[in-house]
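Undergrad: Here it is, the structure, as structure tokens.
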Amino acid sequence: MPMRQDCKYFESRTYPNGETVRKCDLDLAPEAPWRCPDDCPKYTRRLADVNWSYGSLVTPETPPEPESLGSDDSIGALLDAAEDIVNAAAPDVIAEVEAERRKRRRARGPKAKGKKGKGGRGSSSGGGGLGERFRRRYRDGG
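If you want it as structure tokens, here you go:
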């Protein structure tokens, strides 16, 4: 079955360099961007796009399917292996970012503490910062 673009978990994003990514946000389509599983248990028709900002350009067409798609499991295995490498590197990257932030905080000294104004970079959005958001994302698997 082709990718269900009307599924609420389908995402298509075009980057400034022109590259387009089409994927299942739940990672249930091993043959993305070409196919969804025929009997996907999480398929849910998108009812409304709330707070979305649409660009003026048309999304490029889905690239043609490779001839071996569906008959050769090595494509899915390769993509899974690449994803595992990226996911394994995430905790190290988070640790490096947090160490660098601690280092910068120490370099500023005690006078800089408590000088956060309203808005801007110093304001608290309740998200806990980039490191905390990454940690939650990879800890919770989302």
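Quick note on the working numbering: the sequence shown kicks off at 812 and runs consecutively.
Cβ atoms here follow ideal geometry from the backbone N, Cα and C, with glycine treated the same way.
#1: Leaving out the 5 sequence neighbours to the left and right, which residues in its chain are closer than 8 Å to residue 876 when beta-carbon positions are compared?
#2: Roughly how many whole angstroms lie between the Cα atoms of residue 920 and residue 886?
#3: Tell me residue 825's beta-bridge partners as DSSP assigns them.
#4: Tell me the rounded alpha-carbon separation between residue 841 and residue 826.
#5: Apart from the five residues on each side of it in sequence, which residues of its chain come closer than 7 Å, Cβ to Cβ, to residue 849?
#6: Hey, would you say residue 833 sits closer than 9 Å to residue 822, going by beta carbons?
#7: Give me whichever residues DSSP pairs with residue 818 in a beta bridge.
#8: Might you give, ordered along the chain, the residues of its own chain that have their beta carbon closer than 6 Å to the beta carbon of residue 945, omitting 5 neighbours on each side?
#9: Checking the sheet assignment: what are the DSSP bridge partners for residue 813?
#10: In whole angstroms, what separates the C-alpha of residue 858 from that of residue 836?
#11: Considering only residues of the same chain and omitting the five flanking positions on each side of residue 895, which have a CB-CB separation below 8 Å?
#12: Around the Cβ of residue 899, are there at least 16 other Cβ atoms within 10 angstroms (buried) or fewer (exposed)?
TA: Let me spell this out:
#1: Within the sequence shown, the letter at position 65 stands for residue 876. Around residue 876: 845, 846.
#2: Start at 1 with the first residue of the sequence shown, and residue 920 comes out as number 109. Start at 1 with the first residue of the sequence shown, and residue 886 comes out as number 75. Rounded to the nearest angstrom, the two C-alpha atoms are 52 Å apart.
#3: Residue 825 sits at position 14 when you count from the first residue of the sequence shown. Its beta-bridge partners are 831.
#4: Translated into positions along the sequence shown, residue 841 becomes position 30. Translated into positions along the sequence shown, residue 826 becomes position 15. Rounded to whole angstroms, residue 841 to residue 826 spans 22 Å at the Cα level.
#5: As a working note, residue 849 is residue 38 in the sequence shown. Within the same chain, residue 849 has close Cβ partners 812.
#6: Start at 1 with the first residue of the sequence shown, and residue 833 comes out as number 22. Start at 1 with the first residue of the sequence shown, and residue 822 comes out as number 11. Taking 9 Å as the Cβ cut-off, residue 833 and residue 822 qualify as a contacting pair.
#7: Here residue 818 corresponds to residue number 7 of the sequence shown, with the count starting at 1. Answer by DSSP bridge pairing, in chain order: 856.
#8: Taking the first residue of the sequence shown as 1, we reach residue 945 at position 134. Same-chain partners within the cutoff: 905.
#9: As a working mapping, residue 813 is identified with position 2 in the sequence shown. Its beta-bridge partners are 846.
#10: Position 47 of the sequence shown, counted from the start, is the residue given in the question as residue 858. Position 25 of the sequence shown, counted from the start, is the residue given in the question as residue 836. For residue 858 and residue 836, the distance between alpha carbons rounds to 17 Å.
#11: Here the question's residue 895 lines up with position 84 in the sequence shown. If we look at residue 895 and ignore the five residues flanking it on each side, it has no Cβ neighbours.
#12: For this step, residue 899 is matched to residue 88 along the sequence shown. The residue in question, residue 899, is exposed, as its Cβ has fewer than 16 Cβ neighbours within 10 Å.
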